[in-house]
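Visitor: Position one of the sequence shown corresponds to residue 236 (this note's numbering), numbered consecutively onward.
Got a structure for you, questions after.
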Amino acid sequence: MSPISIPFYSPEESLRLIMGKWKLTGQNFPVWKLHLQNVLSAQGKLYVINKPMSRPKSNAPEEEFAEYFRFMADESDVMSILIFSMSPEFTGDLRDKFCHEVVKNVENQLGLYKHTGKLLIMQEIFSLKLKKGQSVKDHLIEIRRLFKCLSRLGYKMTQEELVYLMWFSLTKEVQDTVVYMKEPKNDVDKVHEDILASLERVPAPADLMDTDLINELGDLSCPECGSKDFCEHLMNIDQIEIGLPDAPGIFMIDCLITSYESWVIDTGSGNHICNHLQGFTRRKTLRKDRSNLRVGEGTSLIAEAVGSYSLSLPSGLVLELDNCYYIPNMIQNVLSFDLLVDQGGFLGNFDYKPFDNCESCLSGKMTKQPFNNENERATDLLEIIHTDVCGPFSHVARGGYRYFITFTDDFSRYGYVYLMRHKSESFERFKEFQNEVQDQLDKRIKFLRSDRGGEYLSDEFDNHLMECGIVSQLTPPYTPQMNGVSERRNRTLLDMVQTMMCHSTLPMSFWGHALETAAHILNRAPTKSVEKTPYELWKGKKPNISFLKIWGCEVYVKRPTSEKLRPKSDKCFFVGYPKTTVGYYFYNPEENKVFVARNGKFLEEKFLSLENTRKDVDLQVVDEENTAPIVEPEIQHSNVEPQSEPIEEVQTQDLRRSSRVRQEPDRYLGFLVSQDSGDLNEPTSYGEAVSGSESEQWQEAMKAEMQSMYDNQVWELTDLPQHCRAVGRKWVFKKKTDMDGNVHTFKARLVAKGFTQTHGIDYDETFSPVAMLKSIRILMAISAYFNYEIWQMDVKTAFLNGKLTEDVYMEQPEGFEDPKNPNKVCKLLKSIYGLKQASRSWNLHFDERIKEFGFTKSEFEPCVYTKFNGRIVTFLVLYVDDILLIGNDVPTLQSVKGWLSKCFQMKDLGEATYTRMDESKKGFIPMQHGIVLSKTQCPVSSQDQNKMKSVPYASAIGSIMYAMLCTRPDVAYSVSVTSRYQQNPGEPHWVAVKNILKYLRRTKEMFLVFEGSEDEISVTGYSGASFQTDRDDFSSKQDTIADSTTEAEYIAASDAAKEAVWLRNFLSDLRVVASISRPIDIFCDNSRAVAQAKEPREHHKSRHMLRKYHLIREIIGRGDVRICKIPTEENVVDPLTKPLARVKHEAHANSIGMQYLEANS
């Protein structure tokens, strides 16, 4: 006989085996931790997971070192137990971590373990049922074990609740066996003993049945057909007599453990039984020999009395129970079902038949029908295409995109996504998608499933579908659930985009690149809707995902050309996968451009190790119908017919104010370009300059100015001819400060008193062209699109270069008179600042010199010069004495710069600075929607007028207007309104100006941004007018008064068309915008104005308009422009004509190119 081997386990191995049975999987964390605590407590190592122990200092006692070494030994043992008892997903990287950190990390990862543990254990207790063949004793022990676990987690369940749970967990057979309790018990141990004692005293339920009865039931046959098997006649068992033995007086109480005073209806009881006297209306006492009643387990009970009992029901009904027995030892009151029926208390079965339609119920109770999965799936590619448009979004993506449209194939779930600037581009995107997929797959689209958005219901879209044989399947109104495939696709894409943007450091303008990347990944990821990946069903091959990278991670991209002593790579960001070429999209923050490259080193591990910044990603869809549903009402745009009665204007009553003259805060002056020269103690005359404390600085400044005069040979000394008059001269002094107000330069300028000149004698022509700001913006947009170089230069003392053709004499400069010839005057050979013809002379001289270098003046913009040499393009813009050089070839630009430096004294401009307004409150929009400014708010009394004279109203307007013309078109409307009251501004007008300053302070990081794009550069115009918003100024602002919205929009469209003609000619002269050969699209949001512009309609409503406004028809007819209808909410010209709610104002500002320049953009 072979020996029996008994395995021996060490204590640590035993603990590992115990914990290995309770491996941590996630949901069982509470139970796992309880077992872990029990196991470690039994071994005396529980302290290891509670608190770490740091290494003692070198001079610490030996006892501390011994305790520390013992802790590290226990730490090692507990760590091995943790690793053995945890699933692989929780072990991860446990290097350099203590046991308490591991447990804490798991606890943080799985949430509040106490709440989860309570939920899991309570779920297990309530779902626990006695299984067939299971020991009742083991079952009750398991319930009490779970009860103790729940108590350890802090949930105290009462003894009564546990008794209920124990009873409900038993099967019906066991409950029938243990049917009687003499009194309610809340002691769990006592109930436990009673249940086990009852099971030992009473035989099993199967043994309780008579064997003859079982045999008789086994020989049961149907009296109708004689079959012993199941038949339809046996459905009603009550019709068959099976010969059960009579047992009079015996009934069973199916007892539930409820309250002592509750009543239970019993179908087997022949009498009503009550356990208390309260409620008896009349009764009589019974003799003991006639009061015995038997219950289900054979126990005899003594009824002490019988009588009538009034039972009050919760509904208010009172039942009179006759022959109700009083038995005080009954645990519950019993209602006999048979007696209730005999007394007429039986409610028969209803024949349920549907009622006819009730119109009142249909009106008050109508609900939506449930959505069932009724749509049939496609059986082949392109059989059904799901589509939907999402947007507009609160942030504008690079390229000006605010919408996107998706196309998803129903069979494969392969999807396409296209970015759009406007909803109206949906039709073009569909044609692009249709041409691509049909040519690739050699199949035809059969069904197009979409919602009822206006972009899918246009006649153009509908006609195209009919021509291509595509059936349009539109969902019912207000049921996005019927277009579930597209809706879920949009949600999935947006969830992915927001997650990607949240983890990256890229600005929000990159959500478009993130969206395209998300769609690229989604096509290669498995989905529950199809068995294979969408890519595999679409392409017929498995996708290659080895090239996928983490979006937004840093990348070092190799430069295409390397230079000596310069880095060979640039630090960029990965932003997507190009569709038409091999490689990746990278973003270079220094150059602010996105490009395609193949060679790059991705720093993905570094990106993953970075802590999540959890920046706010506010990528929300702006409500097109009502962008500000709570704060402010929207202006209704409609075709307004002429009013038969004048509209009464609502006047605002000024608040009563103190008569004390209040000084405005100095913080507003910091935002003004034009300031009082006295603020910096600038001298107003030569005498003040040389006698003040800063005389040395002013002397040096005047010497530098005189040296420029000598270098440029501006004059020569001569005697003043007879009958001639010398022009006066003056020194102008100015301190130049930085953005903090610190003086860094003292500037002295010698100027002539040009106001003393006489026309026809010492000057003739004075006109000098200046580059229009819109021309500069056009060239900036072209430069951004083609990535041209832009250089900025300045001509020193530009006016001193102009040659005079007239004889002009000037007095000698004060303080620099020639001591040898004090009576002589300066005959000016060249122009000088202050002369009426100075600007013209300088412009003519510059024109001559720049043409010598091969430049040609633009016919449509006299201060823009062009030069073409093959593919080399060079533009030069002259703005008084500032020059912009734009081109695509650096050597050519350098040669132009060299030529200019040879002809004039040039200097490179430094970085531009700006003033701040940090102490002011923030303004959210330039002008609040609903504000009314009028002439009635102008001051009338001399006291109020004097008070407003101390306010720099005109200076503020001038400063804001310059910013508006250059880079801030979003304040155009507010400036146009406030500038009307410069002659006599009132307090409300000044408050409105300060609100504009507050808005500019809040949005000081917002600029007019020109970006490159992958699409063809093109010109698009928007036209708009605001009807009846400036009634005070109709007579002075316009030569005609529009009597309807249609007429106002028509006039605005006519002016826009004339501007488009100039723009088309100017761009044609630049020869770099190919699309300008096509008509320019002008969008107008008034249908009647669009119709009137195309051809005369409703002659009786337009016959009074001036002939010049009908020029738009001729312009459209010759193909210069094309006027189109656009929804009002998409007309970006609205901020220029009316005040808007904040959300809509910001959305339109983004549409016209106003963007925040973030730190890393």
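Ideal Cβ positions, reconstructed from N, Cα and C, are used throughout, including at glycine.
Remember, it's a predicted structure, so these values are computed and weren't measured experimentally.
Are the Cβ atoms of alanine 1382 and aspartate 1205 separated by less than 8 Å?
Guide: In the sequence shown, the residue the question calls residue 1382 occupies position 1147. In the sequence shown, the residue the question calls residue 1205 occupies position 970. The answer is no: Cβ separation not under 8 Å.
Visitor: Quick check on DSSP: helix, strand or coil for methionine 736?
Guide: Reading the sequence shown from its first residue, position 501 is the one you call residue 736. Methionine 736: helix per DSSP, three-state reduction.
Visitor: Does the region 1214-1221 come into contact with the region 1169-1176, if we say contact requires no fewer than three beta-carbon pairs (one atom in each stretch) closer than 8 Å?
Guide: Cβ pair count under 8 Å is three or more, so yes.
Visitor: Taking 8 Å as the threshold (C-beta atoms), are threonine 622 and phenylalanine 646 in contact?
Guide: To locate residue 646, count along the sequence shown from 1; it is residue 411. To locate residue 622, count along the sequence shown from 1; it is residue 387. No, the Cβ-Cβ distance between phenylalanine 646 and threonine 622 is not below 8 Å.
Visitor: Do tyrosine 1391 and methionine 1241 have their C-beta atoms closer together than 8 Å?
Guide: Mapped onto the sequence shown, residue 1391 falls at position 1156. Mapped onto the sequence shown, residue 1241 falls at position 1006. Yes, the pair counts as a contact, with Cβ atoms nearer than the cut-off.
Visitor: Alanine 632 to proline 742, Cα distance in whole Å?
Guide: Sequence index remark: in the sequence shown, residue 632 carries index 397 (1-based). Sequence index remark: in the sequence shown, residue 742 carries index 507 (1-based). About 10 Å.
Visitor: If we count Cβ pairs, one from each stretch, closer than 8 Å, do we get three or more for the region 951-969 versus the region 1042-1057?
Guide: As far as the Cβ criterion goes, the region 951-969 touches the region 1042-1057, which means the pair count is three or higher.
Visitor: Compare the Cα-Cα distances from isoleucine 780 to each of Gly787, Tyr770, Glu789 and report the closest residue.
Guide: Position 545 of the sequence shown, counting from 1, holds the residue named residue 780. If we check each option's Cα against that of isoleucine 780, Tyr770 comes out closest.
Visitor: Identify whether serine 685 lies in helix, strand or coil by the three-state DSSP scheme.
Guide: For this step, residue 685 is matched to residue 450 along the sequence shown. If DSSP states are grouped into helix, strand and coil, serine 685 belongs with the strands.
Visitor: Let me make sure I understand the geometry here. Which of Tyr653, Tyr560, Ala936 has the alpha-carbon closest to that of phenylalanine 981?
Guide: Mapped onto the sequence shown, residue 981 falls at position 746. If we check each option's Cα against that of phenylalanine 981, Ala936 comes out closest.
Visitor: Three-state secondary structure (DSSP) at leucine 1398?
Guide: Limits of the chain in this structure are 236 at one end and 1396 at the other, which puts residue 1398 out of reach.
Visitor: Looking at the secondary structure, which residues open and close the alpha helix (DSSP H) in which glutamate 1046 lies?
Guide: Translated into positions along the sequence shown, residue 1046 becomes position 811. Note, glutamate 1046: premise wrong, no alpha helix (DSSP H); not H, not E.
Visitor: Considering only residues of the same chain and omitting the five flanking positions on each side of aspartate 1265, which have a CB-CB separation below 6 Å?
Guide: On the sequence shown, residue 1265 is found 1030 positions in, with the first residue counted as 1. Only weak support is given to the placement of aspartate 1265: the predicted model assigns it a pLDDT of 42, under 50, and the value that follows is read from those uncertain coordinates. Result list for aspartate 1265: empty, nothing under 6 Å.
Visitor: Going by CA-CA distance only, name the one from Gln567, Ser1312, Thr953, Glu611 that's closest to glycine 719.
Guide: Working through the sequence shown from its first residue, we reach residue 719 at position 484. With distances taken between Cα atoms, glycine 719 lies closest to Glu611.
Visitor: Could you say which of Met321, Leu654, Leu955, Val1325 lies nearest to leucine 271 if we only look at CA atoms?
Guide: For the purposes of this step, residue 271 is identified with residue 36 of the sequence shown, where counting begins at 1. Comparing Cα-Cα distances from leucine 271 to each of Met321, Leu654, Leu955, Val1325, the minimum goes to Met321.
Visitor: Determine, using beta carbons only, whether cysteine 1319 and glutamate 1282 come nearer to each other than 8 Å.
Guide: On the sequence shown, position 1084 is the one that residue 1319 refers to. On the sequence shown, position 1047 is the one that residue 1282 refers to. Going by C-beta atoms, cysteine 1319 is not nearer than 8 Å to glutamate 1282.
Visitor: Let me make sure I understand the geometry here. Which of Val1308, Ile376, Phe809 has the alpha-carbon closest to that of serine 1018?
Guide: Walking along the sequence shown from the start, residue 1018 turns up at place 783. For the residues Val1308, Ile376, Phe809, the minimum Cα distance to serine 1018 belongs to Val1308.
Visitor: Can the beta-carbon of phenylalanine 682 be found closer than 8 Å to that of isoleucine 619?
Guide: Start at 1 with the first residue of the sequence shown, and residue 682 comes out as number 447. Start at 1 with the first residue of the sequence shown, and residue 619 comes out as number 384. It is a contact, given that the beta carbons lie within the stated cut-off.
Visitor: Between the Cα of isoleucine 378 and those of Thr393, Leu397, Gln369, spot the shortest distance and give me the residue it belongs to.
Guide: Here the question's residue 378 lines up with position 143 in the sequence shown. Of the listed residues, the one whose Cα sits closest to isoleucine 378 is Leu397.
Visitor: Assign serine 693 to one of two classes, buried (16 or more other C-beta atoms within 10 Å of its C-beta) or exposed (fewer than that).
Guide: Taking the first residue of the sequence shown as position 1, residue 693 is located at position 458. Exposed is the call here.
Visitor: Taking Cβ positions, are threonine 516 and serine 545 nearer each other than 8 Å?
Guide: Indexing the sequence shown from 1 puts residue 516 at position 281. Indexing the sequence shown from 1 puts residue 545 at position 310. Yes, the pair counts as a contact, with Cβ atoms nearer than the cut-off.
Visitor: Apart from the five residues just before and just after lysine 372, which ones in its own chain have a Cβ nearer than 7 Å to its Cβ?
Guide: For the purposes of this step, residue 372 is taken as residue 137 along the sequence shown, with counting starting at 1. Contacts found: Leu431.
Visitor: Would you call the region 499-517 in contact with the region 562-570, where contact means no fewer than 3 C-beta pairs closer than 8 Å?
Guide: Yes, they touch.
Visitor: Nearest-angstrom Cα distance between histidine 755 and valine 1367?
Guide: Translated into positions along the sequence shown, residue 755 becomes position 520. Translated into positions along the sequence shown, residue 1367 becomes position 1132. Rounded to whole angstroms, histidine 755 to valine 1367 spans 32 Å at the Cα level.
Visitor: Taking DSSP as the reference, what is the three-state secondary structure of glutamate 951?
Guide: Within the sequence shown, residue 951 is the residue found at index 716, counting from 1. Correct three-state label for glutamate 951: strand.
Visitor: Determine the DSSP secondary structure at glutamate 766, reduced to helix, strand or coil.
Guide: Counting from 1 along the sequence shown, the entry for residue 766 is found at position 531. Of the three classes helix, strand and coil, the one that applies to glutamate 766 here is coil, per DSSP.
Visitor: In chain order, what residues of the same chain have a beta carbon less than 8 Å from the beta carbon of methionine 941, not counting five sequence neighbours either side?
Guide: Here residue 941 refers to the residue found at position 706 when the sequence shown is read from its first residue. Cβ neighbours of methionine 941 beyond the five flanking positions: Leu985, Pro1048, Phe1051.
Visitor: Could you give the residue range of the beta strand (DSSP E) that holds lysine 971?
Guide: The residue you call residue 971 lines up with position 736 of the sequence shown. That run of the beta strand (DSSP E) goes 964-972.
Visitor: Assuming lysine 519 contacts valine 541 under a Cβ cut-off of 8 Å, what Cβ separation, rounded to an integer in Å, is found between them?
Guide: Here residue 519 refers to the residue found at position 284 when the sequence shown is read from its first residue. Here residue 541 refers to the residue found at position 306 when the sequence shown is read from its first residue. Indeed they touch by this definition, with Cβ atoms about 6 Å apart.
Visitor: Between Trp966, His979, Asn977, which lies nearest to alanine 987 when the distance is taken from Cα to Cα?
Guide: By 1-based counting over the sequence shown, the position of residue 987 is 752. Among Trp966, His979, Asn977, the Cα nearest to that of alanine 987 is on Trp966.
Visitor: Kindly indicate which residue of Val337, Thr993, Asp309, Phe306 has the alpha-carbon position closest to the one of isoleucine 318.
Guide: As a working note, residue 318 is residue 83 in the sequence shown. Taking only the C-alpha atoms, the option nearest isoleucine 318 is Val337.
Visitor: How would you label glutamate 825, buried or exposed, when you count the other beta carbons within 10 angstroms and need 16 or more for buried?
Guide: Working through the sequence shown from its first residue, we reach residue 825 at position 590. With fewer than 16 other Cβ atoms within 10 Å, it is exposed.
Visitor: What is the DSSP secondary structure of arginine 1348, reduced to helix, strand or coil?
Guide: Sequence index remark: in the sequence shown, residue 1348 carries index 1113 (1-based). Correct three-state label for arginine 1348: helix.
Visitor: Please report the straight-line C-alpha distance between serine 1130 and valine 1030, rounded to a whole angstrom.
Guide: As a working mapping, residue 1130 is identified with position 895 in the sequence shown. As a working mapping, residue 1030 is identified with position 795 in the sequence shown. Approximately 17 Å between the Cα atoms of the pair.
Visitor: Assuming valine 856 contacts phenylalanine 628 under a Cβ cut-off of 8 Å, what Cβ separation, rounded to an integer in Å, is found between them?
Guide: Counting from 1 along the sequence shown, the entry for residue 856 is found at position 621. Counting from 1 along the sequence shown, the entry for residue 628 is found at position 393. 6 Å between Cβ atoms; contact.
Visitor: Excluding five sequence neighbours on each side, which residues of the same chain lie with their C-beta closer than 7 Å to the C-beta of lysine 806?
Guide: Within the sequence shown, residue 806 is the residue found at index 571, counting from 1. Excluding positions up to five away in sequence, the list reads Glu789, Tyr791.
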